[in-house]
Amino acid sequence: MTYDLVIKGGTVATASDTFRSDVGIRDGKIVALGLGLEAPDVIDATGKLVLPGGIEAHCHIAQESSSGGMSSDDYWTGSVSAAFGGNSSFVPFAAQHRGMGVTETLEIYDGRAAPNSVIDYGYHLIISDPTETVLKDELPAAFARGVTSFKVFMTYEKTRIDDRQFLDILTVAKTHGAVTMVHAENHGMIQWMVERLEAGGHTEPRYHAPSHPAIAEAEAIYRATSLARLVDTPLVIVHVSTPEGARIVRDARAEGAKVFGESCPQYFFLTRDDLDRPGMEGAKYMCSPPLRDTATQEVLWKHLQTGTFTLWSSDHAPYRYDETGKLANGPEAPFKSIANGMPGIALRLPLLFSEGVGKGRITLNDFVALSATNAAKLYGMHPTKGTICVGADADIAIWDPDLKKTVTVADQHDNMNYTPFEGMELTGFPVTVLNRGRRIVEGGELKAERGSGRFMARNTADMTGRPGATVPELDPATNFGARIAP
Ligand code: URP
Ligand code: ZN
Ligand code: ZN
Ligand code: ZN
């Protein structure tokens with residue numbers, strides 16, 4: 430057998446196994462695993478780990494924020510940063526705004542992504558205006574073209590939907606086999622807190638944290654999981670930030686609901702004390718849900734170790750610390766009018782590798798599951814993406830487990846002028862990254878051409894087939910079938 434490229438001498442790890450093997454690649458696919466493979470083009474991976482390329486499943490790229498401004502990374506800088514962080518593909522959001530159609534939305538994002546992305550990409554469709562046309566025609570059309578995941582918001586004035594609309598969207602998702610994602614925070618509680626804080630003259634960035642209390646997340650997660658159980662359809666709770674919220678996700682899963690949890694590095698490595706900096710500096714650390722405390726971090730690690738969280742995503746939502754981003758509404762803007770979100774697409778995996786695998790908190794195989802395999806399965810890309818097996822795309826990240834670096838903003842290769850993780854000392858970084866057999870990062874340099882990433886038409890999830898809601902009174906096939914049928 431002949432190969433275009435062989436990765437030689439490395440240790441391959443998947444979500445289940447770790448073994449010494451060369452990897453033979455032809456026409457962008459993995460076609461052989463074994464020892465002694467030869468090719469004219471060889472990557473020496475001696476002493477290195479050969480892992481599935483990361484799949485970043487939650488990031489905001491070339492997307493208008495809920496406060497109106499454009500994210501600071503487009504599909505060029507965003508995909509380059511992702512690639513340097515060990516990712517071979519990503520699934521940013523395509524955001525439907527009220528008054529816009531879904532088909533129109535996807536066309537706009539195609540125009541943003543196709544000429545620019547250096548890695549393969551898909552979109553999760555954010556739905557903020559579920560009109561009859563959207564529900565009946567446009568969501569099925571989006572699904573048919575491979576946009577097989579929808580996201581909704583329970584808060585943010587411009588994007589939030591009510592419970593009734595949420596149920597309608599879940600029902601369409603169920604009909605087609607789409608996965609729904611939710612930003613779960615109680616809108617009324619946040620509004621009420623913001624009004625009280627503002628009335629007291631508390632408008633600095635540090636007050637962002639108390640304005641989004643933990644109980645607001647817990648209430649909304651419980652409500653969202655309840656709605657998903659009523660319809661009996663898969664639901665991902667994105668960016669879970671509290672022990673209260675994580676417990677609800679875990680219990681729902683244990684009771685058989687098709688509920689999945691996601692968490693993000695910022696909730697594991699930063700705290701609300703980071704918001705409490707002089708002047709407006711705290712704005713750099715504003716995201717929603719907000720940063721919590723060190724006790725929360727310990728509990729979240731336990732949930733990551735025991736399977737509450739299926740997904741580990743960056744929630745890269747980049748807004749520069751200048752008048753184009755965080756300071757767009759002036760140097761004295763109240764926290765409510767500052768764009769929410771922080772960057773981190775290049776650090777999602779190095780942070781988890783160094784502090785998770787390196788410090789013995791999770792196994793290398795858990796790392797692979799959280800970096801790629803679970804997202805591939807849940808969002809309909811597996812087994813083409815997310816694992817190393819014969820027949821899969823040659824999406825591979827070669828890691829040097831001993832490489833030490835201090836985090837700097839310059840090393841992020843994004844369009845940002847800060848990183849919230851500046852100065853952290855990490856061990857273990859990706860050194861060579863492939864997408865469909867193409868070198869996209871090698872020797873510290875970008876090798877891929879702008880626009881060389883491809884759209885991924887995704888399938889239905891292959892992770893949601895286990896028994897569904899076990900609460901008999903919620904079984905649509907018996908009691909509520911007539912009401913829930915599409
Ligand atoms: O603060 C965040 N995470 N901003 C991005 C938008 C969202 O909530 O997903
Ligand atoms: Zn969100
Ligand atoms: Zn967010
Ligand atoms: Zn987000």
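Numbering (the numbering used here), first residue to last: 430 to 915.
For every residue, glycine included, the Cβ atom is placed at its ideal position computed from N, Cα and C.
Only a predicted model underlies this, so the values are computations on that prediction, with no experimental measurement involved.
Run through DSSP, which three-state label would residue i get?
| i | result |
| --- | --- |
| His732 | helix |
| Ala523 | strand |
| His842 | coil |
| Lys713 | helix |
| Lys969 | Nothing about residue 969 can be reported from this structure: the residues present for the chain run from 430 to 915 only. |
| Val576 | coil |
| Ala906 | Annotation note: pLDDT 48 at Ala906 (below 50); position unreliable, no value reported. |
| Arg895 | Per-residue confidence for Arg895 stands at a pLDDT of 46, beneath the threshold of 50, marking its modelled position as unreliable; the derived number appears in the next sentence. Coil. |
| Pro779 | helix |
| Asn803 | helix |
| Ile650 | helix |
| Gly880 | coil |
| Ile590 | coil |
| Asp722 | coil |
| Ile393 | Residue 393 falls outside the range modelled here, since the chain spans only 430 to 915, and no answer is possible. |
| Ala886 | coil |
| Phe850 | coil |
| Leu699 | coil |
| Met622 | helix |
How would you label residue i, buried or exposed, when you count the other beta carbons within 10 angstroms and need 16 or more for buried?
| i | result |
| --- | --- |
| Ala653 | buried |
| Met810 | buried |
| Asp722 | exposed |
| Ser692 | buried |
| Tyr432 | buried |
| Lys565 | exposed |
| Arg865 | buried |
| Leu599 | buried |
| Val727 | Before going on, a small fix: residue 727 reads as Glu here, not Val. By the neighbour-count rule (16 or more Cβ atoms within 10 Å), Glu727 is not buried but exposed. |
| Ser445 | exposed |
| Leu863 | buried |
| Lys833 | exposed |
| Phe448 | exposed |
Name, in chain order, the residues that DSSP records as bridge partners for residue i.
| i | result |
| --- | --- |
| Lys833 | Thr856 |
| Arg455 | Lys458 |
| Pro481 | Ile825 |
| Gly690 | Ile666, Phe738 |
| Asn516 | Gly483 |
| Arg449 | Thr440 |
| Met499 | Glu493 |
| Val423 | Any answer about residue 423 is impossible in this case: the structure gives the chain only from 430 up to 915. |
| Val471 | Val435 |
| Val870 | Val862, Leu875 |
| Met771 | His745 |
| Gly463 | Asp451 |
| Asp549 | Ser518 |
| Cys488 | His745 |
Please confirm whether any heavy atom of ligand 4 lies closer than 7 Å to the CB of residue i.
| i | result |
| --- | --- |
| Asp843 | no |
| His668 | yes |
What I want to know is whether the C-beta of residue i ends up closer than 7 Å to one or more non-hydrogen atoms of ligand 1.
| i | result |
| --- | --- |
| Cys488 | no |
| His612 | yes |
| Ser717 | yes |
| Ala746 | yes |
| Gly770 | yes |
Any heavy atom of ligand 2 inside 7 Å of the beta-carbon of residue i?
| i | result |
| --- | --- |
| His631 | no |
| His553 | no |
| field | the segment 652–672 touching the segment 608–617, judged by at least three CB pairs closer than 8 Å | value | yes
Do three or more CB pairs link the segment 707–720 to the segment 766–781 at distances below 8 Å?
yes
Do three or more CB pairs link the segment 726–736 to the segment 784–801 at distances below 8 Å? Between the segment 726–736 and the segment 784–801 there are three or more inter-stretch CB-CB distances shorter than 8 Å, so the stretches are counted as touching.
Q) Using 8 Å as the threshold, is the segment 675–688 in touch with the segment 623–635, meaning 3 or more CB pairs across them? A) no
TODO: May I ask you to verify whether the segment 837–850 touches the segment 741–756, counting CB pairs closer than 8 Å and requiring at least 3?
DONE: yes
For the segment 807–826 against the segment 515–523, do three or more pairs of beta-carbon atoms, one drawn from each stretch, fall closer than 8 Å, so that the two count as touching?
Yes, since at least three Cβ pairs between the segment 807–826 and the segment 515–523 fall closer than 8 Å, the two stretches touch.
Using 8 Å as the threshold, is the segment 480–490 in touch with the segment 520–529, meaning 3 or more CB pairs across them?
yes
task = Spell out a yes or no on whether the segment 869–882 and the segment 536–553 are touching, meaning 3 or more CB-CB pairs, one atom from each, closer than 8 Å.
result = yes
**Contact the segment 497–508 vs the segment 463–472: 3+ CB pairs below 8 Å** = no
Decide if the segment 817–824 is in contact with the segment 774–785; the criterion is three or more beta carbon pairs, one per stretch, under 8 Å apart. no
ask   = Within the chosen definition, does the segment 795–806 reach the segment 440–457 through at least 3 CB pairs nearer than 8 Å?
value = yes
| task | Could you tell me whether the segment 524–532 touches the segment 880–887, using the rule of 3 or more Cβ pairs below 8 Å? | result | The count of Cβ pairs closer than 8 Å, one atom from the segment 524–532 and one from the segment 880–887, stays below three, leaving the stretches out of contact.
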